[in-house]
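Peer 1: Pasting a structure here, questions to come.
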Amino acid sequence: MSSELLYSLTGLGLFAIGLLGIVVAGHVMRKILALNIMGIGIFMLLIAIAKQDGSFVDPVPHAMVLTGIVIAAAGTALALNLMVRLHRMSDPKQGKPK
Amino acid sequence: MFNQIDLEYNGPVNDPKASWLITLCSVLGFLIVLTLVLLNYDAHNAGLRPYVEGSLSSSGVTNPVTAVLLNFRAYDTLLEIAVLLIVVIAVLPLRNSKTSLVRCIEVTNHDLVLTSLQRWLAPAVLMFAGYLLWAGATQPGGAFQAGALLAGACVLMFQTGVYRVNYTSIMARSLMACGLAMFIAVGLALIWFEGSLLKYPQDYAGVLILLIESGATLSIAICLASLYSSLIDIPGTGHAATFESGS
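Chain order of the listed sequences is A and B. Sequential numbering of the first sequence, starting at -18, is according to this note's numbering. Sequential numbering of the second sequence, starting at 39, is according to this note's numbering.
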C-alpha cells in the first residue's frame, strides 16, 4: 500500500466521520466542528491525489487547498459568530422550548 | 419545531437509536463507494502539471503553486480575498471608533511569561513573515502563510492583554481592504494596458505578483486576527471595551 493511498483513505475516513457528525450531532457547535473535519478530509484527499508517480506534484490541487483553507477558516468564523449571536438572542431564563 | 431560537434541535425524533443506525449505515455505504472509486482512480494521469510547467517560465515566479495562485488562477485568489473581506464585514460591528490601531492598556495582573514571550517572539514572527512573503516566489511560502503568521502574532498580542489591536479603527479597516483594493487596482490597470483582467505582461509579472502578495498578506493577517477577536468578544472581560468608540 503506497503512502498516497493511505493518505487518500484517511481523507475519506475523515470525510465520513464529518458527514456522520453533521447528521447525528445535536448541537450547532458540534455540527460546525464536523463540517471542519469534513473539509479537512477533502483537503487531505486533494493533496494525496496531487502526488503523482515519482516526485512530481500537480500544483493546481495544492493551490486549491491553500485557497480552501482560508475560505474554510473564514466560513467557520462566520458560523461561530452566528452561533454566538443566536445563543445571546435566545433567553436563557426561559428554559428549553417544548 | 423551531418557533423558539435554540441551539439544540428539539424537533420530533421518532426513534433516536434507529435514526442513528440508518445514518451510520448510509455513511458507511457512502464510504465504501468512495473507497472503490478511489481504488479505481487512475493516478497516472498527469493532471494539469504539464500545462503549469510549460508556462512557468512566463509566469514571473518559479514556485509552481505561487504561479497557479497568483498568475494562472489569479481570479480565484481575488475572489478568495473578497470572501474573507465580506466575512469580516459581516462579523465586525458597524460603528467605527476613532481610537488608534494599537493601544497599550494598563492591566493589573501581568502574565509575566506571556508578556515576555510576546516581547521576544513578535519581532521574530514579523521578520519570518517578511521572509515567507519573499520566499514565495521560489519556494513554498507566500501571502497566505505570511498572513497566517502575522495573524498569530496579533493573537499572541491579544492573549497577553497588554496591547489591544482595535479592529474597528479606520487604520485597521483600510488595512483589511488594502489587499483587495490593490488586487482590483492591478487588475483594472492591466485591463487598460493589456486588454484583459489580470493578464500580466511577462517583464513585470514578478513585481506585480509581489505587490499583490504584500497587500494580501497585510489584509489576511488583520482579517484573520479580527475574526479571532470577534469570537472572544465576551462582555465583562474587558475586551468589549475595544469596540467602544473613543473610550
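Idealized CB from N, CA, C, for every residue including glycine. None of the values given here were measured: they were computed from a predicted structure.
(1) Between the alpha carbons of Ala167/B and Ala184/B, how many angstroms are there, rounded?
(2) Could you tell me which residues DSSP pairs with Arg141/B in its beta bridges?
(3) Please list, in chain order, the chain B residues whose beta carbon lies closer than 8 Å to that of Thr48/A.
(4) Could you tell me the alpha carbon to alpha carbon distance between Leu(-7)/A and Ile21/A, rounded to whole angstroms?
(5) Roughly how many angstroms lie between the CA atoms of Leu249/B and Glu91/B, to the nearest whole one?
(6) Taking the beta carbon of Val125/B as the centre, do at least 16 other beta carbons fall within 10 Å, making it buried, or is it exposed?
(7) What is the DSSP secondary structure of Ser207/B, reduced to helix, strand or coil?
(8) Identify the contact partners of Ala53/A in chain C, using a Cβ-Cβ distance below 7 Å as the criterion.
(9) Within the chosen definition, does the stretch 106 to 126 of chain B reach the stretch 221 to 235 of chain B through at least 3 CB pairs nearer than 8 Å?
(10) Using a Cβ cut-off of 8 Å, pull out every chain A residue sitting near Val129/B, in sequence order please.
(11) Taking Cβ to Cβ, would you say Phe231/B is nearer than 8 Å to Gly253/B?
(12) So Asn204/B packs on Leu256/B, CB below 8 Å; how close in whole Å?
(13) Less than 6 Å between C-beta atoms, sequence neighbours within five positions excluded: which residues of the same chain meet that for Met64/A?
(14) Run through chain B and tell me which residues come within less than 7 Å of Ser(-11)/A, C-beta to C-beta.
(15) Just how far apart, CA to CA, sit Pro88/B and Leu77/B?
(16) Can you check whether the C-beta of Phe37/A is within less than 8 Å of a C-beta belonging to chain B?
(17) Ile260/B to Ser267/B, Cα distance in whole Å?
(18) On the three-state DSSP scale, how would you describe Gly276/B?
(19) Could you name the residues of the stretch -1 to 28 of chain A whose beta carbon sits closer than 7 Å to any beta carbon of chain B, in the order they occur along the chain?
(20) In this structure, how does DSSP classify Val38/A when only helix, strand and coil are distinguished?
(21) Is the distance from the Cβ of Ile3/A to the Cβ of Phe24/A below 8 Å?
(22) Three-state secondary structure (DSSP) at Gly(-1)/A?
(23) Lys237/B by DSSP, collapsed to three states: which one?
(24) Tell me, which residues are paired with Lys55/B by DSSP?
(25) Smallest Cα separation from Ile52/A: which of Leu262/B, Ala223/B, Leu246/B?
(26) Go to Tyr113/B, then tell me how far its alpha helix (DSSP H) extends in each direction, as first and last residue.
(27) Do you know offhand how far Gly276/B's Cα is from Ala162/B's?
(28) In the DSSP assignment, find the alpha helix (DSSP H) that holds Asn101/B and state where it starts and stops.
(29) On the premise that Gln240/B lies in contact with Ser64/B, defined as a C-beta separation below 8 Å, what is that separation, rounded to the nearest angstrom?
(30) Under 6 Å Cβ to Cβ from Ala189/B, same chain only, skipping five residues before and after it: list those, please.
(31) Can you tell me the Cα-Cα spacing of Gln156/B and Met209/B, whole angstroms?
(32) Could you please give me the residues that DSSP links to Lys12/A through a beta bridge?
(33) Exposed or buried, which one is Pro178/B when buried takes at least 16 other CB atoms within 10 Å?
(34) Can you tell which of Leu94/B, Leu66/B, Leu122/B has its C-alpha closest to the C-alpha of Leu213/B?
(35) Smallest Cα separation from Ala44/A: which of Ile13/A, Ile28/A, Thr57/A?
(36) Excluding the 5 residues flanking Ala31/A on each side, which residues of the same chain have their C-beta closer than 7 Å to its C-beta?
Peer 2: Answer, in terms of the structure:
(1) Those two C-alpha atoms are separated by around 4 Å.
(2) Note: Arg141/B is bridge-paired with Arg202/B in the DSSP secondary-structure output.
(3) Leu107, Asp114, Thr115, Glu118
(4) Rounded to the nearest angstrom, the two C-alpha atoms are 10 Å apart.
(5) 23 Å
(6) buried
(7) strand
(8) The structure shown contains no chain C; its protein chains are A and B.
(9) yes
(10) Ala58, Leu59, Asn62
(11) no
(12) That pair is no contact at about 16 Å.
(13) Val9
(14) Leu76
(15) Looking at the two C-alpha atoms, the distance is approximately 24 Å.
(16) Yes - at least one Cβ of chain B is within 8 Å of the one on Phe37/A.
(17) 10 Å
(18) Only weak support is given to the placement of Gly276/B: the predicted model assigns it a pLDDT of 41, under 50, and the value that follows is read from those uncertain coordinates. In this structure, DSSP gives Gly276/B a state outside helix and strand, which the three-state scheme calls coil.
(19) Residues of the stretch -1 to 28 of chain A with a C-beta atom less than 7 Å from some C-beta of chain B are Leu0, Leu1, Val4, Val5, Gly7, His8, Val9, listed in chain order.
(20) strand
(21) Result no, Cβ atoms of Ile3/A and Phe24/A do not sit closer than 8 Å.
(22) Secondary structure of Gly(-1)/A (DSSP, three-state): helix.
(23) Note: Lys237/B maps to coil in three-state DSSP.
(24) Lys55/B pairs with nothing; no bridge assigned.
(25) Leu262/B
(26) 112 to 129
(27) Unreliable placement is indicated for Gly276/B, whose pLDDT of 41 sits below 50; the coordinate value is still reported in the next sentence. So the two alpha carbons sit approximately 28 Å from each other.
(28) Taken as a continuous stretch (DSSP letters only), Asn101/B belongs to no alpha helix (DSSP H), as it is neither H nor E.
(29) Between Gln240/B and Ser64/B the Cβ distance is about 52 Å, and since that is not below 8 Å, they are no contact.
(30) Correct list, in chain order: Ala259, Leu262, Ala263.
(31) 23 Å
(32) Lys12/A pairs with nothing; no bridge assigned.
(33) exposed
(34) Leu122/B
(35) Ile28/A
(36) Val38, Asp39, Pro42, His43
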